[in-house]
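Working notes, beginning with the structure itself.
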């Protein structure tokens, strides 16, 4: 095959793949501006005849989407902030502090990764019922405040910090907390950003646990609200597409803005420990 | 966590303080609001939209009470209610389908209401349809006040029936079958009736018309292999086999109202709220083309399911008196008539039928007639699940994977398994008199 | 000594959270699966019975459990190879020196990964609508009969698989891309000088060099695909005729719809055992493969 033909073939395939990947998202955006019923027509219409914000207005005024959006921001934000603190501390300890049983404990944590989270869900529900956290933001946030994956990621990255740096500070009489806050944290900035994006996206997109623990509409996050709307408004495709846009757009934009950090974390996390 | 540790450096305590403050803020933000009388009121399906129009008058009359309405989607409502109970997050009061009432009563989730009814000047038990009121009494204790009634019957296209040579809607299954046959033409995508294969209410209505009960031995075992149930199941499945109904779910059916208007279906077996839907969704020119009729029975006028929703107060509520005031308000005949005007939900009190738009409404007459002839579903907590399984098996029979006998046996097998714990609890309670029997 | 203590203080918050909200519930789930904890027990704990392995025994006799297992295995067995194939293909295209605008294509192909499952599942539900969906319209243009994608028990799971592949392939694509870039170019150079065809280069350089990555990606993808839940929840509600009920869907229904927490825990544990067994099997197989791969073919 001639190089020119090869080049055309490869780029043609890429364009095709990108079209398949993006078409549903672009279609969603377009339909969200259509009038009710416009998308349910033959042949399917690709662009709105008269684009309008009516579906969005309906969502925010009548369907409570604003509340869901705020809930999602609050829950994902809180999970990100708290789990960052907890995971950073633990990951740093596993990488740089000496204590009895360090390696064994870390291996045990990694071993726990084979247990799917769903196994814990049923008793966790009963536990949270006992503490009184069912149908509260805390019910979603508290169990997510630390993750093995986050600890692992921080540990991997922290190991690249030279021990001499920390030893020097210790000799100067700095306490462990000060070393962590003033020396280690600034060096960890890239991984903090990476982990923050990762956690935020995962928390934003999480479905099963919030579905179980958030029993009241006032606490719904976007995916739960959207799934519930989808069951009630199955025939209103235009409205549902607007709902999907509201749900997907924030994370998609965040990803586009921070792509480099995200992909870096993805690769770091997939290296075997 | 780290709260017990002795702070060594100010920076560290700062960290701790920040972490604790964060946790605290987080937890604090979820604590229930201490408001004096904020009632949380759960509604199911479309009732929520209508109820908010009735509430301002109530709140004006009771300035100290604020009502927060939350609308549960119908498909998720049963699960949401159980989850709320399991998670100690029940509302103050709720609309509750009367087939679900035994379940929540068995969980001791509901507040007994007899004493309040006795004192009430508004809620008069004898004014209610007797079979409907009875569904709220579980083992002698009253747990709910009927709010609206619901029974399934036939919506039909008068014009299509006439064109096919039928002057009246069917009174018996045999008549129904011949009308369905005349009105179906699968090659033209025309069917006699729409029976969504994932809704159990239609089959259940047919099954309740049989003399045999659906469960036997005090709700200990399924009774689906009875001749009566098999007759109902066979009639139901035959309707699909004869292509008089398409084998689709309500998800695929899309918009049943326009399809009914277009004549895709001549019959539609559904509930009273559809009077309002058809009035608003079909053009004015078509309003005389449709009507309602009581359900045909195997050999004569048929029985319908004693459905509907009641208003219940949850045991865990801190505002029971305020909740009762709201129930009394919603039970006034004048308010119930308003409610009917808004939504088409039919009142459970004979008095409420005496005035307003209901009085002379020809489309509502069939319901009034049917309501004197209704039968409740078995009052066991497991009923919702059994009905679900019944429908899943029936759908297999529709798809031709099971014969009628196999399907009936399978439903019995599943029902018996579901009822196993109930049998144990009942037997256990008898052996051990110290324990409170669970209904 | 002091450093030991501060180490534990650093660890404490995370360990407490993981211990209380993960480890403890997992152990409790094991205990729960040996009881008949249900609504009656929720109302009054005296209605709780210890049933030993009864829940497991009943599950193994329940056709729905086996069909849920079958659907899940179907989803994994078809979905994972398809998904990994798509990932590898896309990664090789992106890695080709002839490809243009690589950053754009990389982002475009990755975009579905970061979207919310529920939201995009809703989109697919409309795209694959039998009457008005774009998918059937395209088939119609090609002169193919319309397919009842989500309404036909035979098509519903393939549709969900298509959706999952579309949604997920970008993730592994990035990992494969990194793996491909780590292969020393002189290996290919030497092969070209020997006159090896592209296929032989792929077979004898790319695949062996990518093998560790493939194994890891395979294990992660398999365990992810075993946890199928949101897709059928949103797209089909487990239907039609329960043909898309997965093991987790069954667990959710059993546990959080009907509140049979005992038997739902048993479902969860059986799923865990299955995932564990499959992972071990994959590791074992790849080790055995290593020995036989040594000989030239």
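Protein chains in written order, with this note's numbering: chain A, 1 to 273; chain B, 274 to 712; chain C, 713 to 1009. From the three backbone atoms N, C-alpha and C, an ideal C-beta is built for every residue, glycine too.
What first and last residue would you give for the beta strand (DSSP E) that runs through residue i?
i                      : result
residue 566 of chain B : 563 to 566
residue 419 of chain B : 418 to 423
residue 464 of chain B : 464 to 467
Spatial neighbours of residue i within its chain, please: CB distance less than 7 Å, with the 5 preceding and 5 following residues excluded, ordered by chain position.
i                      : result
residue 671 of chain B : 470, 510, 513, 520
residue 752 of chain C : 759
residue 685 of chain B : 495, 497, 498
residue 382 of chain B : 358, 363, 587, 588
I'd like to check one pair, residue j with residue i: are the Cβ atoms closer than 9 Å?
i                      : j                      : result
residue 376 of chain B : residue 662 of chain B : no
residue 370 of chain B : residue 317 of chain B : yes
residue 363 of chain B : residue 477 of chain B : no
residue 848 of chain C : residue 867 of chain C : no
residue 249 of chain A : residue 822 of chain C : no
residue 940 of chain C : residue 959 of chain C : yes
residue 121 of chain A : residue 930 of chain C : no
residue 473 of chain B : residue 516 of chain B : no
residue 421 of chain B : residue 618 of chain B : yes
residue 501 of chain B : residue 699 of chain B : no
residue 881 of chain C : residue 980 of chain C : no
residue 193 of chain A : residue 258 of chain A : yes
residue 534 of chain B : residue 556 of chain B : yes
Residues bridged to residue i by DSSP?
i                      : result
residue 340 of chain B : B:312
residue 368 of chain B : B:584
residue 492 of chain B : None; residue 492 of chain B has no bridge partner.
residue 428 of chain B : B:541, B:565
residue 411 of chain B : B:414
residue 570 of chain B : B:445
residue 622 of chain B : B:401
residue 578 of chain B : B:648
Return the chain-ordered list of same chain residues with a C-beta closer than 6 Å to the C-beta of residue i, the five sequence neighbours on each side being excluded.
i                      : result
residue 200 of chain A : 76, 80
residue 353 of chain B : 345
residue 297 of chain B : For residue 297 of chain B, the predicted model reports a pLDDT of 45, less than 50, meaning its position is unreliable and no value from the coordinates is stated.
residue 223 of chain A : 207
residue 285 of chain B : Legend: pLDDT at residue 285 of chain B = 45, less than 50; position of this residue unreliable, value from coordinates given subsequently. Same-chain partners within the cutoff: there are none.
residue 597 of chain B : 389
residue 998 of chain C : 927
residue 580 of chain B : 423, 424
residue 637 of chain B : 631
residue 340 of chain B : 312, 314, 328
Identify the continuous alpha helix (DSSP H) that holds residue i and give its terminal residues.
i                      : result
residue 360 of chain B : Taken as a continuous stretch (DSSP letters only), residue 360 of chain B belongs to no alpha helix (DSSP H), as it is neither H nor E.
residue 88 of chain A  : 65 to 96
residue 867 of chain C : 865 to 893
residue 105 of chain A : 102 to 112
residue 503 of chain B : 500 to 514
residue 597 of chain B : 593 to 604
residue 4 of chain A   : 3 to 31
residue 318 of chain B : First-last for residue 318 of chain B: undefined, no H or E at that position.
residue 151 of chain A : 148 to 158
residue 136 of chain A : Neither: residue 136 of chain A is in no alpha helix (DSSP H) and is coded neither H nor E.
Would you say residue i faces chain F, with C-beta separation under 9 Å as the test?
i                      : result
residue 231 of chain A : Looking for chain F here will not work: the only protein chains present are A, B and C.
Taking 8 Å as the limit between beta carbons, can you name the residues of its chain near residue i, skipping five residues before and five after?
i                      : result
residue 59 of chain A  : 65, 239, 242, 243, 246
residue 299 of chain B : A caution first: residue 299 of chain B carries a pLDDT of 45, below 50, which makes its placement in the model too unreliable to give a value.
residue 971 of chain C : 750, 751, 754
residue 859 of chain C : 842, 847, 848, 851, 867
residue 666 of chain B : 675, 680, 683, 684, 687
task = Indicate whether the contact test is met: 3 or more Cβ pairs, each with one atom in the segment 143 to 151 of chain A and one in the segment 80 to 89 of chain A, closer than 8 Å.
result = yes
request  = For the segment 682 to 694 of chain B and the segment 520 to 537 of chain B, state whether three or more C-beta atom pairs, one from each stretch, are separated by less than 8 Å.
outcome  = no
request  = Determine, using beta-carbon pairs with one atom in the segment 882 to 890 of chain C and one in the segment 924 to 932 of chain C, whether at least three such pairs fall under 8 Å.
outcome  = yes
request  = Could you tell me whether the segment 458 to 466 of chain B touches the segment 625 to 634 of chain B, where touching means 3 or more Cβ pairs closer than 8 Å?
outcome  = no
ask   = Does the count of Cβ pairs from the segment 531 to 545 of chain B and the segment 416 to 432 of chain B closer than 8 Å reach three?
value = yes
key: Inter-stretch contact at 8 Å, needing at least 3 Cβ pairs: the segment 167 to 187 of chain A / the segment 224 to 235 of chain A   = no
ask   = Between the segment 335 to 350 of chain B and the segment 566 to 585 of chain B, are three or more C-beta pairs nearer than 8 Å?
value = no
task = May I ask you to verify whether the segment 441 to 453 of chain B touches the segment 601 to 611 of chain B, counting CB pairs closer than 8 Å and requiring at least 3?
result = no
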